[in-house]
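Everything on this sheet refers to the single structure shown next.
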Amino acid sequence: MIQLITANKGDLFRVQNILEQTPTYHLNVGGRKAMPNAAELLFETVPQKKLPEDKLVLIVREGLDDVGIVDLIHGYPNLETAFLGFLAIIEGKQNSGIGKATYLEVEKLVKEVGLKKIRLSVVGTNPVDAFWEKMGFHFTGETKDYRNKKVHSISKLMEKELT
Ligand SMILES: CC(C)(COP(=O)(O)OP(=O)(O)OC[C@H]1O[C@@H](n2cnc3c(N)ncnc32)[C@H](O)[C@@H]1OP(=O)(O)O)[C@@H](O)C(=O)NCCC(=O)NCCS
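Residue numbers for the sequence shown follow numbering that gives the first Met the number 0, so the first one is 0 and each next one is one higher.
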């Protein structure tokens with residue numbers, strides 16, 4: 000049983016601690032472990048024309064333990080869409096259904112606020128396409144160049160229409 004808790008800047012230490020427990024993700028997309036200011040960047044980074052208050056950071060809890068993190072942008076890139084910036088489960092808890100349970104809670108939240116679609120992007124060097132396909136996402140065909148330190152790849156856009 001998981002719960003999603005809204006995080007704010009007072010939770011920086013907790014969020015950083017979660018991010019540091021996803022080292023393979025950071026290696027895949029940035030070629031190194033989480034930066035010491037990764038949590039700060041997670042709270043502050045928003046797409047152009049969006050405001051920090053359009054971003055929701057959620058801590059995934061299982062009982063008393065922090066086991067994952069989600070970031071969502073409301074109304075991006077258009078008013079009917081939520082952009083799922085990040086969803087990660089700590090490595091010690093992966094492959095036990097928490098990622099799927101977390102995604103289903105996120106989808107419920109997005110529907111509750113009346114949005115119609117969820118969009119996300121997957122970096123080519125991060126092998127999670129099949130997870131998102133299982134959650135009902137499809138590739139839109141849009142790709143962008145992706146460069147992060149030593150990692151040069153593409154990011155691939157995926158979407159799910161909510162019914
Ligand atoms: C991707 C991630 C969120 C999946 O979470 P998880 O808790 O390990 O996944 P679950 O145990 O809920 O798996 C749900 C289903 O997806 C499958 N699955 C999980 N990760 C997968 C992967 N990387 N590739 C293919 N299938 C995957 C599982 O086998 C399971 O299938 P089943 O329902 O048929 O048994 C997790 O691996 C993670 O946090 N990765 C690092 C961060 C990351 O890359 N996030 C995505 C950024 S776009």
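Glycine included, every Cβ here is placed at the ideal spot set by N, Cα and C.
Separation of residue j from residue i, as counted between CA atoms
i: residue 76; j: residue 45; result: 11 Å
i: residue 73; j: residue 113; result: 11 Å
i: residue 59; j: residue 150; result: 28 Å
i: residue 35; j: residue 69; result: 18 Å
i: residue 109; j: residue 115; result: 8 Å
i: residue 130; j: residue 103; result: 13 Å
i: residue 153; j: residue 142; result: 6 Å
i: residue 138; j: residue 39; result: 30 Å
i: residue 146; j: residue 62; result: 37 Å
i: residue 160; j: residue 134; result: 11 Å
i: residue 117; j: residue 106; result: 8 Å
i: residue 42; j: residue 27; result: 21 Å
i: residue 31; j: residue 132; result: 27 Å
i: residue 165; j: residue 82; result: Because the chain is modelled from 0 through 162, residue 165 falls outside the range shown and cannot be assessed.
i: residue 29; j: residue 37; result: 12 Å
i: residue 13; j: residue 48; result: 28 Å
Exposure of residue i, with buried meaning 16 or more beta-carbon neighbours within 10 Å
i: residue 80; result: buried
i: residue 17; result: buried
i: residue 136; result: buried
i: residue 67; result: buried
i: residue 162; result: exposed
i: residue 144; result: exposed
i: residue 15; result: buried
i: residue 157; result: buried
i: residue 155; result: buried
i: residue 78; result: exposed
i: residue 50; result: exposed
Pair within 8 Å by beta-carbon distance, residue i and residue j
i: residue 122; j: residue 128; result: no
i: residue 20; j: residue 84; result: no
i: residue 3; j: residue 57; result: yes
i: residue 101; j: residue 55; result: no
i: residue 1; j: residue 97; result: yes
i: residue 24; j: residue 125; result: yes
Those residues which DSSP pairs with residue i across a bridge
i: residue 64; result: 61
i: residue 182; result: What is shown of the chain runs 0 to 162, which leaves residue 182 out entirely.
i: residue 2; result: 60
i: residue 10; result: Answer is none; residue 10 lacks a bridge partner.
Within-8 Å CB hit, residue i to chain B
i: residue 57; result: As a matter of chain content, chain B is missing from the structure shown, which is built from one protein chain.
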